[in-house]
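For the sequence shown, the working numbering gives the first residue as 613, with consecutive numbering after it. Glycine included, each C-beta is placed from N, C-alpha and C at the ideal position. Working notes for the structure below.
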Amino acid sequence: MVPMLLRLNWLRIPARQRWLANSGATRTRTVAATAATALMALSVCLSGCGGAATPTLAATPPPTSAPTVTTDTPESAATPSNTPGGQTEDGRRLIARVNGQPIFLDVYEKQVTQTERALSEQGILAQGAAGDAQRTQVRENVLKGLIDQALIEQAAARMGITVTADELNQSLQVFTGADGGSLDDWLAANGMTMDELVAMQSAQLLAGKVIAAVSAAVPTSAEQVHARHIFVAEAAKAQTLAERLKAGENFAALAQQESEDTSTAANGGDLGWFPRDVPMMPPVLVETAFALQIGEVSEPVQSEAGYHIVRVDAREPSRPLSPELLLYAQQSAFEKWLAEQRSKATIERYQVG
C-alpha cells in the first residue's frame, strides 16, 4: 500500500509537456482528465500524514527513469543547519521546523520506509543507481509532504477549520470490516499504531477542508470555445493540408484521414469545449482557438509537438466547466495558495548524520 504523502511527480511537469508526453501521438483530449485525476490524488497526498492507505499512484505512469529532485523551499526560508544530527525537541531529533513547528526525524524516517516499501512492492523502485536516485527523490518528497502538512495545519488554525470527533470516527470505519478483519489486524499489517492512524486521518480530513475552503472561490464557469484541430509533425505536410482546406475540403473528414493525433482524429479532430485559463493544451493551440471566429480556420501554428490547424465550431461567453476542468482549476488554485504559504514561511531543514 502507498503512504498518503507520496507526491505525484507527474504534476511537476509543465502542462504542455504532459500533453507531449501522452505517448507518441499527441493525446490532447485526455490531458484534462489525466491532470484532474492526478490533482485529486494530490489533494490527499498533501496531507503528508504517513502510514499506509489507499494507493495513490494510479493516476501516475510508473517512472521509466529516476525522477529529478525539485525543491519547494523558498529562497527566503532559513538555511538548513549544518550541525551533524540536527536539533532536538523533547528528546526527539528533528528533521525540520516550519514556522517553529517541529517535524520529528522518527516520523520522517518511518514514512520514508513505508513509501519505499510500497514502491518496491509495486515494482516501481528500480535497482542500482536508478534506484538510489529514486530513493533520494522519495526522501525529498516525504519531507516536502510533511512541510506542506504543517503549513496546512497552521493555515487551518488561522481559518478556524477543525476536524470533529464524529468526522474522525467515521473516517476510521473504512479500516475495518472490508475484509472481515479488525482494526488491530489492519494496524499490525501496516506497521502502524492507533495514534499514528488517528494522526494520519486527522491530517487528511483537515487538508480536505482547507482545500475545499481555498477552492471555493474558483468560478464554476468560464468563456469557452469548442474547437477541432489537425495535427501533423512536419511543416510541409501542415501547409499542404491547409491548402486543401482552403480549396474546400471538409475539416472533420480531413482530420480523420490525415491528423497524427490518434486520440482526436477518429472524431474529426474534436477537442471538445475548453476555457482559455486552464492550461491543459499547448498555449499556442489555446491562443489560436480563442483568436478565431466561429467557423474560421487557422493557418498552421507550431507547438513543441508539431503543427496544428485549428477550427472553432462554437463559442460561449460563460459556460459551466466540466467536472474535470473545474477540479483542475480548483486544484491549481490550491497549488498556488500552497506555494504562497511556502514563500511566506520560515522553513528550517536540518542535516542528519
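Distance CB(residue i)-CB(residue j) smaller than 7 Å
i      : j      : result
Ile921 : Ile823 : no
Gly740 : Val844 : no
Thr788 : Leu780 : no
Val775 : Ser814 : yes
Leu818 : Ala768 : yes
Leu737 : Gln746 : yes
Ala927 : Val837 : What sits at residue 927 in the sequence shown is Arg, not Ala. The answer is yes: Cβ separation under 7 Å.
Arg709 : Glu960 : yes
Ala867 : Ala877 : yes
Terminal residues of the alpha helix (DSSP H) in which residue i lies
i      : result
Phe902 : Pro895 to Ala903
Gln785 : Neither: Gln785 is in no alpha helix (DSSP H) and is coded neither H nor E.
Glu960 : Element bounds for Glu960: not the alpha helix (DSSP H) but the beta strand (DSSP E), Ile959 to Arg961.
Ile823 : Met806 to Ser827
Pro935 : Pro935 to Lys956
Gln723 : Leu717 to Glu733
Gln699 : No alpha helix (DSSP H) contains Gln699, which DSSP labels as neither H nor E.
Thr852 : Ala847 to Lys858
Asn862 : Run containing Asn862: none; DSSP gives neither H nor E here.
Selection from the options that minimises the alpha carbon distance to residue i
i      : options                           : result
Asp702 : Asn711, Leu717 and Val710         : Leu717
Leu950 : Pro887, Leu939, Glu765 and Asn879 : Glu765
Tyr940 : Arg704, Thr832, Gly881 and Asp925 : Thr832
Val830 : Ala801, Val898, Ala945 and Asn711 : Ala945
Arg770 : Thr958, Gln953 and Glu721         : Gln953
Lys756 : Gln723, Ser875 and Ala800         : Gln723
Pro894 : Val964, Glu916 and Gly884         : Glu916
Pro932 : Ala800, Tyr720, Leu904 and Phe886 : Phe886
Val898 : Ala839, Thr852, Tyr720 and Arg751 : Ala839
Rounded straight-line distance, which links the Cα of residue j to that of residue i
i      : j      : result
Tyr962 : Val754 : 14 Å
Asp778 : Trp798 : 21 Å
Ser910 : Ala850 : 11 Å
Met804 : Gly820 : 22 Å
Ala970 : Ser955 : No answer is possible for residue 970: the residues shown for the chain start at 613 and end at 965.
Pro912 : Glu861 : 16 Å
Pro674 : Ala730 : Summary for Pro674: the model assigns pLDDT 29, below 50, so the residue's position carries little reliability; its value from the coordinates is reported in the next sentence. Computed Cα separation, rounded: 13 Å.
Gln869 : Asp882 : 13 Å
Gly907 : Thr900 : 13 Å
Ser924 : Ser783 : Note on identity: in this sequence residue 924 is Val, with Ser being the wrong assignment. Between Val924 and Ser783, the C-alpha separation is close to 47 Å.
Met892 : Ala762 : 30 Å
Gly663 : Lys948 : Any answer about Gly663 is weak, because its pLDDT of 33 lies below 50 and its placement is not dependable; what the coordinates show is given next. Rounded to the nearest angstrom, the two C-alpha atoms are 27 Å apart.
Ile715 : Glu728 : 20 Å
Endpoints, beta strand (DSSP E) assigned at residue i
i      : result
Asp925 : Tyr919 to Pro932
Phe837 : Note on residue identity: the sequence assigns Val, not Phe, to residue 837. Val837 -> beta strand (DSSP E) spans Ser833 to Val844.
Ala737 : According to the sequence displayed, residue 737 carries Leu and not Ala. Careful: Leu737 lies outside any beta strand (DSSP E) and carries neither H nor E.
Ala708 : Arg704 to Val710
Residue i at chain D interface by Cβ criterion, 7 Å
i      : result
Ala819 : This model lacks chain D altogether, as it is built from one protein chain only.
Exercise. Within the segment 869 to 894, note down every full beta strand (DSSP E) run reaching 3 residues or more, in order along the chain.
Key: 882 to 887
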